[in-house]
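Chains as they are written, first to last, in this note's numbering: chain A, 345 to 457; chain F, 812 to 923.
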């Protein structure tokens, strides 16, 4: 079974801090994704990577950056955390072909105080 | 974007009843996928239906797709309390280049 592991289930940070969210998958998937999920807004795509060192902006990339130095690891970076970035963050991975299911981690609930 | 919109937003039924959730979308697709999310967890893939299929079954799940109406439905038969979760559809077109667009989901509550 595919396993997508997010480094923290819960995280509390302060405004202005640089925050790193880590995601690791163990199935050699080419594609990796970061979403945030907010009540009433559904899942919104922040960034997407289809290969090592490759990235594409999603719908809401402002205030975020990503890093993919190794195929199995995709990091989301909040450059200077703000309270409006308090949210549930979900990482997912899939095979290269676009019709393949996405496999999700259990999420990181991030609170910015 | 190729976002699916689920309807209803919330659904409450008794154990043993059937639950039907609907999904509408706006443009042509190659396939449509359904996912489930238990409270506080990630999404889990349930089923994929291709654009040339009209119906698909998996255990107690039945999915239909009507491309002329740009809609899909997910039926869960003989529901159980463990089916309590949010359900999302993800319409997919090749021009999305591997990206899915999820809606806000249908929150299903199955009362024991």
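Where a beta carbon is used, it is the ideal one built from N, C-alpha and C, also for glycine.
Asked, Found
"Can you check the segment 408 to 439 of chain A for any beta strand (DSSP E) of at least 3 residues that lies completely inside it and give the ranges in chain order?", "408 to 414, 417 to 422 and 431 to 438"
"Which bits of chain F does residue 394(A) rub up against, with CB to CB less than 9 Å?", "908 and 909"
"Nearest CA to the CA of residue 907(F): which residue from 825(F), 830(F) and 840(F)?", "840(F)"
"Contact criterion: CB-CB distance below 8 Å. Does residue 419(A) meet it with respect to chain F?", "no"
"By how many angstroms is the C-alpha of residue 386(A) removed from the C-alpha of residue 924(F)?", "No statement about residue 924(F) is possible, as the shown extent of chain F runs from 812 to 923 and does not include it."
"By the DSSP assignment, the beta strand (DSSP E) with residue 381(A) in it spans what residues?", "375 to 382"
"Pull out every residue of the segment 813 to 836 of chain F whose Cβ sits closer than 7 Å to any Cβ of chain A, in chain order.", "none"
"Confirm, please, whether the CB-CB distance from residue 888(F) to residue 817(F) is below 8 Å.", "no"
"Which two residues bound the contiguous beta strand (DSSP E) that contains residue 344(A)?", "The requested residue 344(A) does not occur in the structure, where chain A is confined to residues 345 to 457."
"Starting from residue 445(A), find everything on chain F with Cβ-Cβ shorter than 7 Å and list it in chain order.", "844, 856 and 859"
"Under a CB-based cut-off of 8 Å, is residue 920(F) close to chain A?", "no"
"Please determine if the segment 840 to 853 of chain F and the segment 390 to 404 of chain A are in contact, where contact requires at least 3 C-beta pairs separated by less than 8 Å.", "no"
"Which residues of chain A have a Cβ atom closer than 7 Å to the Cβ of residue 841(F), listed in chain order?", "443"
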